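Novice: First residue of the sequence shown: 0, per numbering that gives the first Met the number 0; consecutive thereafter. Dropping a structure here in structure tokens format, bear with me for questions.
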Amino acid sequence: MTTTEHPAPSRLRSWMLEGLSDMGKGQGVTGPHATPEPPHRGQAWYRVMCLTGVDYFSTLGYQPGIAALAAGLLSPVATVVLVVVTLAGALPVYRRVAEESPHGEGSIAMLERLLTFWKGKLFVLTLLGFAATDFLITITLSAADASTHLVENPHLTDALQGRRMLITLLLVALLGAVFLKGFLEAIGVAVALVATYLALNAVVVAAGFWHVVTAGHVVTDWSHALTAEHGNVFAMVGVSLLVFPKLALGLSGFETGVAVMPHVKGDPGDTEDHPAGRIRDTKKLLTTAALIMSVFLIVTSFLTTVLIPEKEFESGGQANGRALAYLAHEYLGNTFGTVYDVSTIAILWFAGASAMAGLLNLMPRYLPRYGMAPHWARAVRPMVLVFTLIAFLVTWVFDADVDAQGGAYATGVLVLMSSAAIAVTIAARRAGQRGWTVAFGVVSAVLLYVTVVNVIERPDGVKIGACFIAGIIAVSLLSRLARAFELRVTDVTLDPLADRFVRDMASRKMRFIANEPDRRDRAEYRDKVEQIREDNDLPAHEDFVFAEVTVTDPSEFEGRLVVRGEVLHGRYRVLVLESSSIPNALAALLLHVRDTTGCTPHIYFEWTEGSPFTNFLRFFLFGQGEVAPVTREVLREAEPDPARRPRVHTG
């Protein structure tokens with residue numbers, strides 16, 4: 000299919016647009032200007048786990064402190080509740096999501112199938128807004144927390160005091176630079192960081208337990224104080240459930256776990272339609288990460304609670320946002336503590352890598368397909384620049400403050416997890432799995448409760464999410480408007496009868512009549528032919544083939560065009576097309592006919608009655624309206640040479 004020819008791109012442009020997003024596999028060639036990707040080899044599941052782990056495991060840098068501030072002496076018990084929800088709720092949900100959506104679209108794709116037309120698109124854009132909130136705040140919050148660890152290191156406090164904003168921006172820029180270099184490099188860095196960070200945390204935990212054992216009174220003191228404050232086990236569990244929403248950041252990481260699953264290698268026999276090995280290994284990834292994190296969460300919350308004075312967790316305290324770093328300096332010395340700080344800073348900085356990977360996976364899968372982003376949005380490097388610039392803006396707006404971004408982060412995480420739980424509940428119900436339906440329904444109720452409580456306590460998260468949603472919808476609609484006259488058909492296929500019609504016409508003048516199917520009786524076609532001949536002063540012997548387009552889902556932007564041939568009433572030849580847009584389908588048919596026969600086709604229209612502006616809105620929203628001039632405009636954009644352009648006649 001012919002498209003507009005462009006001059007040879009510059010070296011910079013070629014580098015920026017080198018290949019489409021690796022995350023977009025399974026979609027095929029997604030537009031007329033798209034080029035196929037080479038096969039993606041993938042990585043071992045434990046390596047990809049490290050990519051998601053830089054987000055998930057890095058929360059150890061601040062989660063024990065958050066738990067201590069939220070639950071006080073009850074922090075270990077509240078953390079156990081968090082672990083139970085993780086292993087019995089979030090983990091089964093996302094293992095099911097991996098089964099249902101093995102190409103990385105996650106729960107958004109599962110819910111997209113429930114709604115059609117523009118309702119579905121707006122629903123997806125809303126979820127993408129919360130996903131953008133989750134992933135972008137992950138980038139900025141983690142970088143801000145890394146800069147906090149750097150500034151508060153005893154050796155660097157004096158030199159770096161007051162430069163947290165600059166350090167955060169530099170860390171965000173470095174993250175973007177890694178992704179500009181290449182995605183495989185990002186995975187390699189993640190493996191090294193996660194292995195080092197977990198090993199250092201194991202050393203801190205061992206040292207902490209040694210101190211607890213050698214100074215046994217700390218456990219006794221804690222248990223007596225806990226009993227005096229809360230009375231009995233039932234009261235402790237009840238309070239833990241109440242404070243649980245404040246600990247919800249410890250659930251982060253699952254959404255990115257399924258978002259990057261296209262990078263899991265799987266088995267040699269995997270196909271895009273049946274990636275059984277990828278699904279199995281992604282479940283290993285999710286389970287292993289959840290188990291590792293659960294163990295560390297429980298032991299670190301216990302150690303930080305019994306070993307760190309309560310006042311140190313408060314704002315301005317030495318353990319505020321860096322409880323494990325406090326223990327590392329306290330019990331292993333400033334040298335080891337500094338090494339631990341460096342590791343924590345590095346993994347917090349790179350925690351944005353899994354979030355960036357999630358963004359690069361989700362946005363190119365949806366927005367370009369909806370026509371709500373330019374073609375270059377399918378390429379990795381331009382999108383890295385866009386997301387990095389947005390992260391700069393968010394960092395500046397929040398003044399690189401970790402606490403100020405916590406509400407937005409938790410809201411994004413919880414909305415996505417709630418949507419995932421609802422999606423798998425619906426999937427289980429449709430599959431007739433009653434037990435799983437009930438279980439997932441309970442998990443959905445718990446996560447919805449946590450989400451609502453979080454929104455009530457920290458409404459700023461919803462406000463920030465609403466800003467992202469409004470921004471995505473506004474940009475998406477403007478992009479769709481700007482691309483309204485593009486040739487949206489990826490390829491055209493004619494069935495044998497339709498192909499015979501075209502080959503027969505190639506021996507003479509190729510004339511098509513655009514017809515809106517109504518009753519499809521003999522009189523409709525006879526009257527249409529007579530009207531076209533009269534309006535265009537054509538002789539009676541001229542032969543025509545009708546082209547009829549049925550609009551399917553006008554909210555879709557791109558797709559294949561299948562053309563069927565029919566003979567009606569023994570004499571009228573009709574090409575039947577189904578598409579999201581009548582003008583684009585007709586233009587694609589005409590260009591295909593021209594390219595396959597070498598002849599210039601002619602097509603005849605009636606003028607559409609009514610206001611041109613109203614008809615354009617009908618075309619924009621419903622794929623029909625001012626058909627004749629829009630078809631001509633689509634042809635003009637697709638074929639720059641007027642001599643080769645199919646002829647449009649309107650009477």
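Every residue gets a Cβ at the ideal spot worked out from N, C-alpha and C, and that includes glycine. None of these values were measured; they are calculated from a predicted model.
Suppose contacts are defined by Cβ-Cβ distances below 7 Å. Is F651 in contact with L415 by that definition?
Specialist: With the chain represented from 0 up to 650, any question about residue 651 goes unanswered, as that position is not in the structure.
Novice: Enumerate in chain order the residues of its own chain whose CB-to-CB distance from G276 is below 6 Å, with the five nearest sequence positions on each side excluded.
Specialist: As a working mapping, residue 276 is identified with position 277 in the sequence shown. Correct list, in chain order: G265, D266, D269.
Novice: Along the chain, where does the alpha helix (DSSP H) that runs through D594 open and close?
Specialist: Here residue 594 refers to the residue found at position 595 of the sequence shown. D594 -> alpha helix (DSSP H) spans 581 to 596.
Novice: Under 7 Å between the Cβ atoms of L660 and F335?
Specialist: Here the chain covers residues 0 to 650 and nothing more, so residue 660 does not appear.
Novice: Would you identify the three-state DSSP class for L657, choosing helix, strand or coil?
Specialist: Given a span of 0 to 650 for the chain in the structure shown, any question on residue 657 remains unanswerable.
Novice: Would you mind working out which of S578, I291, T281, A158 sits nearest E98, comparing C-alpha positions?
Specialist: Residue 98 sits at position 99 when you count from the first residue of the sequence shown. E98 has its Cα closest to that of T281, out of S578, I291, T281, A158.
Novice: Beta-carbon separation of I581 and V626 under 7 Å?
Specialist: Position 582 of the sequence shown, counting from 1, holds the residue named residue 581. Position 627 of the sequence shown, counting from 1, holds the residue named residue 626. Yes; because the gap between Cβ atoms is below 7 Å, this pair is in contact.
Novice: Taking all protein chains shown into account, do 16 or more other C-beta atoms lie within 10 angstroms of the C-beta of G315, making it buried, or fewer, making it exposed?
Specialist: Numbered from its first residue, the sequence shown carries residue 315 at position 316. Exposed, because fewer than 16 other Cβ atoms sit within 10 Å of the Cβ of G315.
Novice: Tell me, which residues are paired with H601 by DSSP?
Specialist: What you label residue 601 is simply residue 602 of the sequence shown in a count that begins at 1. BP columns for H601 point to R510, R646.
Novice: Based on the DSSP secondary-structure assignment, which residues constitute the bridge partners of V491?
Specialist: Counted from its first residue, the sequence shown places residue 491 at position 492. BP columns for V491 point to L560.
Novice: Can you check the segment 116 to 157 for any alpha helix (DSSP H) of at least 4 residues that lies completely inside it and give the ranges in chain order?
Specialist: 116 to 150
Novice: When you compare the CB of F391 with every CB in chain C, is at least one pair closer than 7 Å?
Specialist: No chain C is present in this structure, which holds just one protein chain.
Novice: Between which two residues does the beta strand (DSSP E) carrying E547 extend?
Specialist: Translated into the one-based positions of the sequence shown, residue 547 becomes position 548. Run containing E547: 544 to 550, per the beta strand (DSSP E) assignment.
Novice: Could you spell out where the alpha helix (DSSP H) holding S342 opens and where it closes?
Specialist: In the sequence shown, residue 342 corresponds to position 343, counting from 1. Segment 322 to 365, the alpha helix (DSSP H) holding S342.
Novice: Would you tell me roughly how many angstroms separate the C-alpha atoms of E311 and A198, rounded to the nearest one?
Specialist: Start at 1 with the first residue of the sequence shown, and residue 311 comes out as number 312. Start at 1 with the first residue of the sequence shown, and residue 198 comes out as number 199. So the two alpha carbons sit approximately 25 Å from each other.
Novice: Ignore the nearest five residues each way along the sequence and tell me which others in L170's own chain have a CB closer than 7 Å to its CB.
Specialist: Taking the sequence shown and counting its residues from 1, the one referred to as residue 170 is at position 171. Correct list, in chain order: A142, A145, S146, W348.
Novice: Can we count T281 as close to the ligand PLP, meaning its CB is less than 6 Å from some heavy atom?
Specialist: The ligand PLP is absent from the structure shown, which contains no ligands of any kind.
Novice: With burial defined as no fewer than 16 other Cβ atoms inside 10 Å of the residue's Cβ, what is the status of K665: buried or exposed?
Specialist: With the chain covering 0 to 650 only, the question about residue 665 has no answer from this structure.
Novice: Taking the straight line between their C-alpha atoms, what separation do you get for H403 and Y55?
Specialist: The residue you call residue 403 lines up with position 404 of the sequence shown. The residue you call residue 55 lines up with position 56 of the sequence shown. Residue 403 is actually Ala in this sequence, not His. Roughly 20 Å separates the two Cα atoms.
Novice: Which partner residues does E565 have in the DSSP bridge list?
Specialist: The residue given as residue 565 occupies position 566 in the sequence shown. In the DSSP output, where bridge partners are listed per residue, E565 has V573.
Novice: Counting along the chain, where does the alpha helix (DSSP H) carrying M235 start and finish?
Specialist: Your numbering for residue 235 matches position 236 in the sequence shown. Looking at the DSSP string, the run of the alpha helix (DSSP H) that includes M235 is 232 to 242.
Novice: Thinking C-alpha only, which one of D536, V257, V452 is nearest I278?
Specialist: Counting from one through the sequence shown, the residue named residue 278 turns up at place 279. When each option's Cα is compared against that of I278, the closest is V257.
Novice: For Y408 and M509, what's the separation of their Cα atoms in angstroms?
Specialist: Here residue 408 is taken as the residue at index 409 of the sequence shown, counted from 1. Here residue 509 is taken as the residue at index 510 of the sequence shown, counted from 1. Those two C-alpha atoms are separated by around 60 Å.
Novice: Helix, strand or coil: which one does DSSP assign to V259?
Specialist: Here residue 259 refers to the residue found at position 260 when the sequence shown is read from its first residue. In the structure shown, V259 sits in coil (DSSP, three-state: anything other than H, G, I, E or B).
Novice: For Q42, which beta-bridge partners are listed by DSSP?
Specialist: Start at 1 with the first residue of the sequence shown, and residue 42 comes out as number 43. Beta-bridge pairing links Q42 to V263.
Novice: In chain order, what residues of the same chain lie with their CB nearer than 8 Å to the CB of D400, ignoring the 5 residues before and after it?
Specialist: For the purposes of this step, residue 400 is identified with residue 401 of the sequence shown, where counting begins at 1. Contacts found: A143.
Novice: Considering Cα atoms alone, identify which of R532, Y196, P628, V441 is closest to L323.
Specialist: Numbered from 1 along the sequence shown, position 324 holds the residue referred to as residue 323. The option with the nearest alpha carbon to L323 is Y196.
Novice: Suppose the cutoff is 6 Å on Cβ atoms and the five residues either side in sequence are ignored; what does the same chain contact list for K245 look like?
Specialist: Position 246 of the sequence shown holds residue 245. Closer than 6 Å at Cβ, skipping near neighbours: A69.
Novice: Please state whether the Cβ-Cβ distance between T58 and G207 is less than 7 Å.
Specialist: Start at 1 with the first residue of the sequence shown, and residue 58 comes out as number 59. Start at 1 with the first residue of the sequence shown, and residue 207 comes out as number 208. Going by C-beta atoms, T58 is not nearer than 7 Å to G207.
Novice: When the distance is taken between beta carbons, is L110 closer than 7 Å to A422?
Specialist: Position 423 of the sequence shown, counted from the start, is the residue given in the question as residue 422. Position 111 of the sequence shown, counted from the start, is the residue given in the question as residue 110. A contact, by the Cβ cut-off of 7 Å.
Novice: With a threshold of 8 Å, are at least 3 pairs of Cβ atoms found where one atom belongs to the segment 425 to 443 and the other to the segment 382 to 396?
Specialist: no
Novice: What would DSSP say about E636, mapped onto helix, strand or coil?
Specialist: Indexing the sequence shown from 1 puts residue 636 at position 637. If DSSP states are grouped into helix, strand and coil, E636 belongs with the helices.
Novice: Where D640 and L634 are concerned, what is the direct C-alpha to C-alpha distance, given to the nearest angstrom?
Specialist: Here the question's residue 640 lines up with position 641 in the sequence shown. Here the question's residue 634 lines up with position 635 in the sequence shown. Looking at the two C-alpha atoms, the distance is approximately 10 Å.
Novice: Please list the terminal residues of the continuous alpha helix (DSSP H) segment that includes S222.
Specialist: Within the sequence shown, the letter at position 223 stands for residue 222. 216 to 229 is the span of the alpha helix (DSSP H), which, as asked, contains S222.
Novice: For I65, which of helix, strand or coil comes out of DSSP?
Specialist: Indexing the sequence shown from 1 puts residue 65 at position 66. DSSP places I65 in helix when its eight states are reduced to three.
Novice: For V566 versus L576, is the C-beta spacing smaller than 7 Å?
Specialist: Residue 566 sits at position 567 when you count from the first residue of the sequence shown. Residue 576 sits at position 577 when you count from the first residue of the sequence shown. In this structure, L576 does not lie closer than 7 Å to V566 by Cβ.
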